[in-house]
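*Asks:* The structure is given below, and queries will be raised subsequently.
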Amino acid sequence: MPHHKADPTTTRMLAARHEALWLKLTALHGQIAAVATKRPQTPVSAHTIGVAEALLREAMPFIPKGDPLPMAAPDHGGLLTQLGQALAAMDYWEASRSRWDDQAKAYLWQVKGDPPLPVRRLRPKLVGPASAEADPAREAKMLDLRQKLAKRIEQFNNR
Numbered sequence: 224m225p226h227h228k229a230d231p232t233t234t235r236m237l238a239a240r241h242e243a244l245w246l247k248l249t250a251l252h253g254q255i256a257a258v259a260t261k262r263p264q265t266p267v268s269a270h271t272i273g274v275a276e277a278l279l280r281e282a283m284p285f286i287p288k289g290d291p292l293p294m295a296a297p298d299h300g301g302l303l304t305q306l307g308q309a310l311a312a313m314d315y316w317e318a319s320r321s322r323w324d325d326q327a328k329a330y331l332w333q334v335k336g337d338p339p340l341p342v343r344r345l346r347p348k349l350v351g352p353a354s355a356e357a358d359p360a361r362e363a364k365m366l367d368l369r370q371k372l373a374k375r376i377e378q379f380n381n382r
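If you read the sequence shown in this note's numbering, its first letter stands for residue 224, the second for the next number, and so on.
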């Protein structure tokens, strides 16, 4: 992938468009991969080619200039490669316009003229303020279950 000087910021709309397209491309990539791993030469249906071409066209703003994607390949192996290339280009575009923020503990889009925006697909799972073990109701339920289990074991042993 050729390097090009790019503005390291984006707009809210372009960031949202990127994240929505990423989900669609990833889903199609997964569906095509399921067939391509076993039968890469199998032809792709006309409908799927149409969907793939629409998604590849939609990915053009995220692909470096001078690196256009051709029409969708007619077989599963070729289409899988093209979708993988588009996802790689989108990943590169995202990486050049986002950064890790220690305070937010998330990757943030560098948005022009606005505060940074979290990259939703990379957002870490948030941990609640209290762990499950510190919950008194859970502790009481676990104690009750242990007592019931001990009683059952005793009944089984005394048969």
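For each residue, glycine too, the CB sits at the ideal point set by N, CA and C.
Keep in mind that this is a model prediction, so the values were computed, not measured.
Assuming M313 and A282 are in contact, meaning their beta carbons sit under 8 Å apart, how far apart are those beta carbons, in whole angstroms?
*Replies:* 6 Å
*Asks:* Alpha helix (DSSP H) containing A269: first to last residue?
*Replies:* Its alpha helix (DSSP H) spans residues 269-281.
*Asks:* Should the region 330-343 be called in touch with the region 233-243, which here means at least 3 C-beta pairs below 8 Å?
*Replies:* yes
*Asks:* Would you say A259 and L303 are within 8 Å of each other, going by their C-beta atoms?
*Replies:* Yes, the pair counts as a contact, with Cβ atoms nearer than the cut-off.
*Asks:* Where are the beta strand (DSSP E) runs, 3 residues long or more, that stay fully inside the region 288-373, in chain order?
*Replies:* 321-324, 329-332
*Asks:* Could you spell out where the alpha helix (DSSP H) holding R382 opens and where it closes?
*Replies:* Here R382 belongs to no alpha helix (DSSP H), and DSSP marks it neither H nor E.
*Asks:* How is P284 classed by DSSP in three states: helix, strand or coil?
*Replies:* helix
*Asks:* Spatial neighbours of H227 within its chain, please: CB distance less than 7 Å, with the 5 preceding and 5 following residues excluded, ordered by chain position.
*Replies:* Low per-residue confidence applies at H227: pLDDT is 48, beneath 50, and the placement is therefore not dependable, though the value from the model is reported in the following sentence. In chain order, P287, K288 place their CB closer than 7 Å to the CB of H227, counting only its own chain and leaving out the 5 sequence neighbours on each side.
*Asks:* What are the boundary residues of the alpha helix (DSSP H) that includes K247?
*Replies:* 235-259
*Asks:* What residues are listed by DSSP as bridge partners for H266?
*Replies:* Going by the sequence as given, residue 266 is Pro instead of His. P266 is bridged to D298.
*Asks:* Could you give the C-beta distance for L306 and H270, rounded to a whole number, given that I count them as a contact under 8 Å?
*Replies:* Incorrect: roughly 16 Å between the Cβ atoms, too far for contact.
*Asks:* Under the rule that 16 or more other beta-carbon atoms within 10 Å means buried, what is S268, buried or exposed?
*Replies:* By the C-beta density criterion, S268 is exposed, having fewer than 16 other C-beta atoms within 10 angstroms.
*Asks:* Let me make sure I understand the geometry here. Which of W332, K328, A327, Y315 has the alpha-carbon closest to that of S321?
*Replies:* W332
*Asks:* Give the straight-line distance between the Cα atoms of A329 and P297, rounded to the nearest whole angstrom.
*Replies:* Distance between the alpha carbons of A329 and P297: 39 Å.
*Asks:* Just confirm the distance between the C-beta atoms of R344 and W245, as a whole number of angstroms; I'd bet it's less than 8 Å.
*Replies:* 6 Å
*Asks:* What does a CB cutoff of less than 7 Å around P263 pick up in its chain, not counting 5 residues either side in sequence?
*Replies:* D298, H299, G300.
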